Structures are given as structure tokens and as C-alpha cells.
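If you count by numbering that gives the first Met the number 0, then the sequence shown holds residues 0 to 498, one letter each, in order.
Glycine included, C-beta positions come from ideal geometry on N, C-alpha and C.
None of these values were measured; they are calculated from a predicted model.
This report refers to the structure that appears directly beneath it.
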Amino acid sequence: MNAPNEPVSDPAQRSTRQAEVVAALQAVLPAHALLWRREDTVPYECDGLTAYRQLPLVVALPETEEQVAAVLRACHRLAVPVVARGAGTGLSGGALPHALGVTLSLAKFNRILKIDPVSRTAVVQGGVRNLAISEAAAPHGLYYAPDPSSQIACTIGGNIAENSGGVHCLKYGLTVHNVLRVRGYTVDGEPVTFGSEALDVPGLDLLPVVVGSEGMLAVTIEATVKLVPKPQLARCIMASFDDIAKAGDAVAAIIAAGIIPAGLEMMDKPMTAAVEGFVRAGYDLDAAAILLCESDGTPEEVAEEVDRMLDVLTGCGATRMEVSKDEAQRLKFWSGRKNAFPASGRISPDYMCMDSTIPRKRLADILHAIAAMEAKYGLRCCNVFHAGDGNLHPLILFDVNDPDQLHRAELFGADILETSVALGGTVTGEHGVGVEKLSSMCVQFSPEERTQMERLKHAFDPPGLLNPGKVIPTLHRCAEYGKMHVKKGLLPFPELERF
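Below is the structure:
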């Protein structure tokens, strides 16, 4: 695959290949479901990671399952790469097109097929928006728990690809904990089902394999998801701290006290300032960090849990605490957190959102490290966290029109990811690897582990046509990456010396 932003080296090759693919797909798709002219394909050149762009060779927008299967069979026959795409809200470049491949848009698969209030399940097509599931289930007093910040736009197929979480994932789990069955098609157009609507499934349990596989194993067409009862009551505590370390310690203390909040989020001072100017959520702008701690359940359960959390927060040095008085104020508190990304877009031409995880007890350590990196790379960074499960979302602010700033942002991001690994964490929590974290996988996983990933990929996709060039780095790439960083002294990790 061509590197991001790098043009195809042979335009004649692209033109010839494009004509061949268009001819093959015109035989299985109506004319309005096939795009290949530049002005029509530009909207598909990137996902939410806008720093990297690539025009697809062709965009296919099938309307039926038969058309999806036919597109995959045609591409398989021609050995053409296929990149499945939902709403394009992903932040790791997972839906970045292949320069000589087909972008397979599932946008027209947007129907909710069944809401079953008795079994508390919903059957939905892959292009259904996350929030639409909860809206459809609301009349039955139910909702779909995973709630990424982009839930108003992101699709369930994309959530499955990335194993998305959200602000309430601490109590209710990630996508993998809320999906019962996934149905789709393999690279050669054959139907495949993972999981079951029953409590168990015969044979190997492959559902956790496909959830989080980033479109590399199969194309998701339909999913059966769990629905949960809407709690009778929810209250959110906004707690302010004059020191980041105290806020981090408070997160660990809440969990250590045996409390599992419905949501437990952290924002640092630059992030709260950006958000408050955008949505007027009522945040404390003097605080070094704020925590949003939510309790839900019966009124009695909520009252008891809120009191327990207030005691813990007080003991950890909270300087100010406010409990939402009603549902409107609770939603206002959360509107700030859920609008962290667009708020950052108001104060910077571009941002790069990292997505590492760390042990909760190391929150203060990573924040202090990021502060030092701001000086090192000469770029600002706003921090927002799914603090309860240690999932970081540092937003590095830069201008993509300045190549040097983009380069420094990339180094800054890699430094955050690799420091997270050194602190006992991982390079991704819910955004996926895509192309953004491809090199950082070299630090997280050994050559033997990456070989096993490649073997799993080969078992599902022998020709390697589904979303190629992402997630799993080549041995050559890791070797070059390790040599470069050791030479420049950017990474103090001795394990890199093995490359």
C-alpha cells in the first residue's frame, strides 16, 4: 500500500486497474451505486483521522446482501483490496482507502430489523447509527449501553470493527460485551456467522475474534445486540481537584472502595477550558482536573453510592463537588465530555487523538509525562480519559498544513503510546490500530505474537485483501522503526534493541 498522502507511483497502472474494476462492478451494481470519478470519491479519502488521505480506486455502495456478496466475489477474482466503511468516524485511519482498492460503503444498510423487549435484544444492520438503537428501544424502557462520543453518527458495524466503548463502558462493558451475534461475508463473498442469539454457540467461540478485528476478517452486515433496562435514576458528581495526581489517585480510590460507577471520566484544565467555551457545561475552570462520576439504578441505590463516592472524593482532596440536581443538569455535565473532540477543533486547525490504556494507578504518571512531551515537541495537548478503565484520549493540537508540525505530532503520539506500554498499558483501547498505531505495535508485541496475528488473518483471508496494510506491521517495518528510534534516542526502552 502507498504511504498516507503518497500518490500512486504509476498513474497509468491506476487508470488501467480502475477501468477493469469498474467494468466488473458495473455488472453487479446499479449505476448510482458505483463511484470512481475524483469529485465523487474525495469524500471517502479519509476517516476521522484527517491527517492521512488517499483517494480510493472505486467506491461501491451496495443496497442488498446479494450485491455485497457479488462485489466481494468480483474483487476476490481480480485480487482487488477491499476496505469496508461505515460512517467514517474512526480515529485511527482504519477506513483509509487503498490506492488500488475498492471502498465498500455499508451506509445503505441502515435498518433496525427487530426490537425484542422480551429477550432484550435488537437485530440491526451494520450501517445503523449507535444512538438510533437506543432511540428505537426507548418506548420499551430499554437502551443500548455502549455510547462512544460519536454515537450520534457512528455505526454499529464500525463499533464492532473497533470494539468501541464509551463513557459508560466501566459498568456496562465494551461492544464485545454487548453483542450476541455478528453476521457478514468473508473475502470471497461467502456468508459467515459469529456467535448466536442463544447463551452459547457450538464449536469455537469466534465472536470475540471478529469484534475488534478492524475489518480484516469479514464484512459485517448484521448484528444482534443486547439491550438493558433504563435505570430509574442517574446522578453525576462533578469533582474538582487542584492537582492532577490527586484526581488520578481518586479514580483508583473509588475502584478500590468496591464502587463501580456507571461512568468515571477525567479532563485536565486545558480540556475543560476548551469544552466550557463550546457547550457551557458548568465546569470549574480553576481546577487542574475534574472528574465526572455517575451513579445509576434505583433512587435508594443511587443515593447510597453517591454518598460513598463523595466520601472517597473528599478524602482524596477534592476542592469542589457538585451533584447534578436533575436530568437536565446531568446531561449538561456529560455534554461537555461528549463534545471534547469538536471543542478541540475550535481551538486548533487539526488534532491527533491518541488512544492508549494504562493501569489506573499510573494516571498521574502519564499526565506528567505528557506535560513534559508538550515542551519536548513544542505542541499543545488536551487530555480527556475514560479514567475508570484507564483509557486515555490525549488530543495533540497541530496544523496539518505545516509538515514539520505533522511530523512532531506523529512523534508526540508515538511517545505517548510507548510510554503507556512502559507503564504497563497498551497502544489502543477502543479506536483501533489502523494506520496510526501500526509502528507502535512493534513495541507492544513480539515478532512471535505478530506472526500469530498474521496466521489468524490468513485463516480468514488467505489472499490478504480485506483492509490490507493495517493493524499488523511487517517485520521489515518493525526493524526499521526500532533502529530509527534507538538511533535518535527517542525511546529509552531496552526491548527495542532486539530489532
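Residue i lies in the alpha helix (DSSP H); which residues open and close that run?
i           : result
residue 341 : 339–346
residue 385 : It is not in any alpha helix (DSSP H) - residue 385 instead sits in the beta strand (DSSP E) that spans 380–385.
residue 411 : 402–421
residue 464 : Note, residue 464: premise wrong, no alpha helix (DSSP H); not H, not E.
residue 247 : 243–255
residue 171 : 168–171
residue 20  : 10–25
residue 95  : Where residue 95 is concerned, there is no enclosing alpha helix (DSSP H), given that its DSSP letter is neither H nor E.
residue 206 : 206–209
residue 37  : 37–40
residue 362 : 362–376
If I follow the unbroken beta strand (DSSP E) through residue i, where does it start and stop?
i           : result
residue 53  : Element bounds for residue 53: n/a, residue is neither H nor E.
residue 291 : 288–296
residue 447 : Premise fails: residue 447 lies in the alpha helix (DSSP H), 446–459, not in any beta strand (DSSP E).
residue 441 : No beta strand (DSSP E) contains residue 441, which is instead part of the alpha helix (DSSP H) from 440–443.
residue 499 : In this structure the chain extends from 0 to 498, so residue 499 is not present and cannot be described.
With DSSP as the reference, please indicate the residues paired to residue i in a beta bridge.
i           : result
residue 397 : 349
residue 121 : 114, 224
residue 219 : 183
residue 128 : 154
residue 82  : 102
residue 321 : 237
residue 301 : Residue 301 is not bridged to any residue.
residue 71  : DSSP, once it has assigned bridges, lists no residue as partnering residue 71.
residue 391 : 384
residue 190 : 184
residue 63  : Answer is none; residue 63 lacks a bridge partner.
residue 437 : Partner(s): none; residue 437 has no beta bridge.
residue 178 : 224
residue 232 : 296
residue 142 : 227
residue 33  : 59
To the nearest whole angstrom, what separates the beta carbons of residue i and residue j, a pair I think is in contact under 8 Å?
i           : j           : result
residue 141 : residue 245 : About 38 Å; that fails the 8 Å criterion.
residue 263 : residue 232 : Wrong, their Cβ atoms sit about 18 Å apart, outside the cutoff.
residue 149 : residue 429 : With a Cβ gap of about 11 Å, residue 149 and residue 429 do not count as contacting.
residue 152 : residue 88  : 5 Å
residue 420 : residue 469 : In fact, because the Cβ distance is near 19 Å, the residues do not count as touching under 8 Å.
residue 44  : residue 96  : 7 Å
residue 70  : residue 214 : Not a contact, Cβ separation roughly 14 Å.
residue 78  : residue 462 : 6 Å
residue 187 : residue 75  : 5 Å
Give me, in chain order, the residues of the same chain whose beta-carbon lies closer than 6 Å to that of residue i; leave out the 5 immediate sequence neighbours on both sides.
i           : result
residue 247 : 362, 363
residue 99  : 16, 56
residue 165 : 145, 146, 147
residue 576 : In the structure as shown, the chain starts at 0 and stops at 498, and residue 576 therefore has no counterpart that could be examined.
residue 2   : Bear in mind that a pLDDT of 43 at residue 2, under 50, signals an unreliable position, so the model cannot answer this.
residue 503 : Lying outside 0 to 498, the shown extent of the chain, residue 503 is not represented and no answer is given.
residue 295 : 230, 233, 261
residue 256 : 311
residue 46  : 87, 89, 94
residue 577 : Because the chain spans 0 through 498 in this model, residue 577 falls outside it and cannot be assessed.
residue 414 : 372
residue 169 : 263, 387, 388
residue 353 : 393, 412, 415
If you drop the 5 nearest sequence neighbours on each side, which residues of the same chain put their C-beta closer than 7 Å to that of residue i?
i           : result
residue 488 : For residue 488, the predicted structure reports a pLDDT of 43, less than 50, and the residue's modelled location is therefore unreliable. The matter cannot be settled from this model.
residue 405 : 50, 397, 399
residue 6   : Any answer about residue 6 is weak, because its pLDDT of 48 lies below 50 and its placement is not dependable; what the coordinates show is given next. Same-chain partners within the cutoff: there are none.
residue 62  : 32, 107
residue 225 : 119, 120, 177, 179
residue 220 : 64, 67, 108, 124, 125, 182, 183, 184
residue 494 : Annotation note: pLDDT 34 at residue 494 (below 50); position unreliable, coordinate value reported separately. Closer than 7 Å at the Cβ level, and outside the excluded window around residue 494, lies no residue.
residue 4   : Since pLDDT at residue 4 reaches only 44, below the 50 mark, its modelled position is unreliable, and the value read off the structure follows with that caveat. Only 51, 52 meet the Cβ criterion.
residue 200 : 194
residue 338 : 274, 277, 278
residue 174 : 145, 158, 159, 162, 163, 210
residue 459 : 185, 216, 217
residue 369 : 380, 382, 393, 415
For residue i, I'd like the list of residues in its chain whose CB is within less than 8 Å of its CB, leaving aside the five on either flank, ordered along the chain.
i           : result
residue 453 : 471
residue 384 : 264, 265, 266, 362, 390, 391, 392
residue 249 : 238, 240, 290, 311, 312, 315, 316, 317
residue 9   : none
residue 329 : 233, 234, 235, 293, 323
residue 268 : 284, 286, 287, 288
Please specify which runs of the beta strand (DSSP E), each continuous and at least 3 residues long, are wholly inside the segment 257–283, giving them in chain order. 262–267
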